[in-house]
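Going by the working numbering, the sequence shown opens with residue 0, and the numbers climb by one from there.
Worksheet for the structure shown next.
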Amino acid sequence: MTVPDDRRDRLRAVDPADAEDVATLQRACFDDQWSAESVARLLTGPANLSLLAEQDGTIAGFLIGQCVVDTAEVLAVAVAANRRREGWGGSLMSGFEALAAASGAERVILDVAADNAPAIALYGARGYATAARRDRYYVTGRAHPVDALVMVKTLGKWTFYDS
Ligand SMILES: CC(C)(COP(=O)(O)OP(=O)(O)OC[C@H]1O[C@@H](n2cnc3c(N)ncnc32)[C@H](O)[C@@H]1OP(=O)(O)O)[C@@H](O)C(=O)NCCC(=O)NCCS
Numbered sequence: 000m001t002v003p004d005d006r007r008d009r010l011r012a013v014d015p016a017d018a019e020d021v022a023t024l025q026r027a028c029f030d031d032q033w034s035a036e037s038v039a040r041l042l043t044g045p046a047n048l049s050l051l052a053e054q055d056g057t058i059a060g061f062l063i064g065q066c067v068v069d070t071a072e073v074l075a076v077a078v079a080a081n082r083r084r085e086g087w088g089g090s091l092m093s094g095f096e097a098l099a100a101a102s103g104a105e106r107v108i109l110d111v112a113a114d115n116a117p118a119i120a121l122y123g124a125r126g127y128a129t130a131a132r133r134d135r136y137y138v139t140g141r142a143h144p145v146d147a148l149v150m151v152k153t154l155g156k157w158t159f160y161d162s
């Protein structure tokens, strides 16, 4: 159940010093495993737009994204297994959308595995719509290839105030 308070005030930018912790959580959540070096590269890239959620001194979740011209992209968003359904995922998305809009983005795009029901529910509840499908896109760690859904949300002024 989502906690009703807005957790965006508990988010901060991801620092390259967080790369190891972020990579550890990423590897716990995804089949496609990132190294600390690849996380650090993303965090120091010119288009980087990333957020970290911390609680009780540990990472509750992260969102690694980018913003190029008028389009922001979520590369990965994850919440620690013991922190899910507390509202962190929604707050990370909300914080990212606000930062993206402030950076000039008109839309957010992301890929999600067609069998990832929790993530699709999260994005759907936040107004993302499926714009395209990438056939047999996810193969790593899968018994069978799984399609990717390309989901898009158009940003508006309300993004700054919506939780
Ligand atoms: C997807 C993920 C980031 C959601 O994070 P979260 O902190 O649990 O999400 P929230 O608590 O903010 O949930 C917000 C809404 O999303 C939907 N949702 C989230 N998890 C869900 C689930 N397991 N089943 C159904 N709906 C779900 C619900 O609508 C939920 O609102 P509610 O709790 O009021 O019903 C998390 O499950 C995760 O880290 N999964 C592994 C990594 C991953 O798949 N990332 C996405 C890759 S594209």
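Note that beta-carbon positions come from the ideal geometry of N, C-alpha and C, so glycine has one too.
Note that this is a predicted model, so its numbers are computed, not measured.
Distances from the CB of Glu53 to the heavy atoms of ligand 1 are all 7 Å or more.
By the CB criterion at 8 Å, Ala52 and Arg9 fall inside the cutoff. Here DSSP, grouped into helix, strand and coil, assigns Asn115 to coil. In the structure shown, Val68 adopts coil according to DSSP, grouped into three states. Out of Gly126, His143 and Leu74, the CA that lies nearest to the CA of Ser37 is found in Leu74.
A Cβ-Cβ separation of about 6 Å places Glu72 in contact with Gly64 under the 8 Å criterion.
When secondary structure is reduced to three states using DSSP, Phe95 falls in the helix class.
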